[in-house]
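Participant: Mind looking over this structure? Questions follow.
In the UniProt record's numbering, the protein residues as written are 1 to 225.
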């Protein structure tokens, strides 16, 4: 059986996060808290010992990924699919300012269930397509993969993986530097853990027994781990 474990980590807190503005594809500075979070996340990824690290092109993600890769002596690959959602005209604005322009975020859906992004913004359909493309890149791999990305893209990745409708996939809290663990056994993706703090990733990495076992696996016809 071909097995893979995927650690999906959100970037540290930024000044834009504190200000409540939509940073999207802009490179923004980390906050003072974010600087501390960065080192906590690096320690978590190093403890998890991935075989490869993929990162969003944006500096708030690369700040974690490249340091962890250097510590482990493994490649760090920039993957454009891991970039945050494009906010277009809404980039740099608060939600209140976006509403003044006659839009909202998360994007509203029209009568046919299609998202209505602001001018230059990325539709949820396109965001889901990017998430699907990343899953296809991951599917044939084995071992452990670390992906450092953004809150919006993480929601889309989980939503696409589990076929969550576009009007509800954003309703997941993804704290800064939290990690989600996805398993991929013979090409089938499953969510194993959600919202792990960096210290919890370290703890589970040092003591695999804490990961537990899914005792329902035999009921679905898959083998025990």
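By construction, the Cβ of each residue, glycine as well, lies at the ideal position given by its N, Cα and C atoms.
As an exercise, report each continuous alpha helix (DSSP H) stretch of at least 4 residues that is fully enclosed by the region 63-122, in chain order.
Facilitator: The qualifying runs are 95-100.
Participant: With a CB to CB cut of under 7 Å and the five nearest residues on each side skipped, what residues in its chain are close to residue 67?
Facilitator: Residue 67 sits at position 67 when you count from the first residue of the chain shown. Answer for residue 67: 42, listed in chain order.
Participant: Please work out which residues of its chain come closer than 7 Å, Cβ to Cβ, to residue 93, disregarding the five sequence neighbours upstream and downstream, and give them in chain order.
Facilitator: Working through the chain shown from its first residue, we reach residue 93 at position 93. Excluding positions up to five away in sequence, the list reads 21, 22.
Participant: Quick one, are the C-beta atoms of residue 202 and residue 47 less than 8 Å apart?
Facilitator: In the chain shown, counting from the first residue as 1, residue 202 sits at position 202. In the chain shown, counting from the first residue as 1, residue 47 sits at position 47. Yes.
Participant: Classify residue 54 as helix, strand or coil using the three-state DSSP reduction.
Facilitator: Translated into positions along the chain shown, residue 54 becomes position 54. The answer is strand: DSSP assigns residue 54 an E or B state.
Participant: Would residue 105 and residue 24 qualify as a contact pair, given that the criterion is a beta-carbon distance under 8 Å?
Facilitator: Position 105 of the chain shown, counting from 1, holds the residue named residue 105. Position 24 of the chain shown, counting from 1, holds the residue named residue 24. No, Cβ-Cβ distance for residue 105 and residue 24 is not below 8 Å.
Participant: In or out: residue 9 buried (at least 16 other Cβ within 10 Å) or exposed?
Facilitator: On the chain shown, position 9 is the one that residue 9 refers to. So residue 9 counts as buried.
Participant: Cβ atoms of residue 145 and residue 51: under 8 Å apart, would you say?
Facilitator: Here residue 51 refers to the residue found at position 51 when the chain shown is read from its first residue. Here residue 145 refers to the residue found at position 145 when the chain shown is read from its first residue. Taking 8 Å as the Cβ cut-off, residue 51 and residue 145 qualify as a contacting pair.
Participant: Do the CB positions of residue 155 and residue 174 come within less than 8 Å of each other?
Facilitator: Taking the first residue of the chain shown as 1, we reach residue 155 at position 155. Taking the first residue of the chain shown as 1, we reach residue 174 at position 174. A contact, by the Cβ cut-off of 8 Å.
Participant: Give me the DSSP bridge partner(s) of residue 189.
Facilitator: Position 189 of the chain shown holds residue 189. Residue 189 pairs with 184.
Participant: Where does residue 154 fall in DSSP's three states?
Facilitator: By one-based count along the chain shown, residue 154 stands at place 154. DSSP places residue 154 in helix when its eight states are reduced to three.
Participant: Taking residue 146 as part of the beta strand (DSSP E), name the residues at either end of that continuous run.
Facilitator: The sequence position of residue 146 within the chain shown is 146, counting from 1. Segment 143-149, the beta strand (DSSP E) holding residue 146.
Participant: With distances taken Cα to Cα, identify the nearest neighbour of residue 125 among 166, 179, 133, 56.
Facilitator: Locating residue 125 in the chain shown gives position 125, where the first residue counts as 1. The shortest C-alpha separation from residue 125 is found at 166.
Participant: Taking Cβ positions, are residue 178 and residue 195 nearer each other than 8 Å?
Facilitator: Translated into positions along the chain shown, residue 178 becomes position 178. Translated into positions along the chain shown, residue 195 becomes position 195. It is a contact, given that the beta carbons lie within the stated cut-off.
Participant: Need the endpoints of the alpha helix (DSSP H) that residue 134 sits in, please.
Facilitator: Walking along the chain shown from the start, residue 134 turns up at place 134. It spans 124-138 - the alpha helix (DSSP H) in which residue 134 sits, taken as one unbroken run.
Participant: Can you check DSSP and say which residues form a bridge with residue 23?
Facilitator: For the purposes of this step, residue 23 is identified with residue 23 of the chain shown, where counting begins at 1. Partner(s): none; residue 23 has no beta bridge.
Participant: Shortest alpha-carbon distance to residue 139 belongs to which of 119, 187, 13, 102?
Facilitator: The residue labelled residue 139 in the question sits at position 139 within the chain shown. Of the listed residues, the one whose Cα sits closest to residue 139 is 187.
Participant: Using three-state DSSP, classify residue 210 as helix, strand or coil.
Facilitator: Looking up residue 210 in the chain shown gives position 210. If DSSP states are grouped into helix, strand and coil, residue 210 belongs with the helices.
Participant: What residues match up with residue 179 in a beta bridge as DSSP calls it?
Facilitator: Along the chain shown, one-based indexing puts residue 179 at 179. According to DSSP, residue 179 bridges with 9, 196.
Participant: Residue 222 to residue 6, Cα distance in whole Å?
Facilitator: Looking up residue 222 in the chain shown gives position 222. Looking up residue 6 in the chain shown gives position 6. Here residue 222 scores only 49 on pLDDT, less than 50, and its place in the model should not be relied on; the value that follows carries that caveat. Looking at the two C-alpha atoms, the distance is approximately 19 Å.
Participant: Give the DSSP-derived three-state secondary structure of residue 288 in the structure shown.
Facilitator: Lying before the first or after the last residue shown, residue 288 is absent from the chain, which here runs from 1 to 225.
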